[in-house]
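Just so you know, we're using my numbering here: the sequence shown kicks off at 858 and counts up by one. Report on the following structure.
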Amino acid sequence: MFQQQIEVLQNREKVARLLRLFSSPRKRLGLTPDELLIFIAIGYLGTRVANGAIQMMPIGVIDISSLLGIPRETVRRKAIRLAGLDYILNTPKGILIKEITVWCQMLERAVA
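Below, the structure written as structure tokens:
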């Protein structure tokens, strides 16, 4: 048990990356941690690569809520805010990432 704790603490760079992931969008993009998670989840659930092309499909609030364990009403409210900031589109069929480039840049920062 103690050895596992030492290994976790020795990987402080991973912790620093995680902290930067959640503090950077707040500073530059004005996103809360929940909004950032929802934004990343929308892209994760609503994009596919097939035959070298990016396919985007609308997803539902329930899908995001199930993936993240965040209440549906919270996801709905945060999605309205993300749409107001021009990060996503709310359509009758569901929610889509508006600019895949912005989503990819955010994801690259998260996993770098």
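Each residue gets a CB set at the ideal place from its N, CA and C atoms; glycine is no exception.
Scanning 940, 871, 958 for the CA closest to the CA of residue 952 turns up 940. When only Cα atoms are considered, residue 908 and residue 877 end up about 34 Å apart. A direct Cα-to-Cα measurement between residue 859 and residue 867 gives close to 12 Å. When rounded, the separation of the alpha-carbon atoms in residue 906 and residue 889 is 28 Å.
In this structure, the CA atom of residue 895 is about 30 Å from the CA atom of residue 864. Per DSSP, the continuous alpha helix (DSSP H) segment holding residue 931 begins and ends at 929-941. Under the DSSP assignment, residue 893 falls in the alpha helix (DSSP H) whose first and last residues are 890-903. By the C-beta density criterion, residue 950 is exposed, having fewer than 16 other C-beta atoms within 10 angstroms. With 16 or more other Cβ atoms inside 10 Å of its own Cβ, residue 900 counts as buried. Per DSSP, the continuous alpha helix (DSSP H) segment holding residue 921 begins and ends at 918-925. Burial check for residue 911: the Cβ neighbour count within 10 Å stays below 16, so the residue is exposed.
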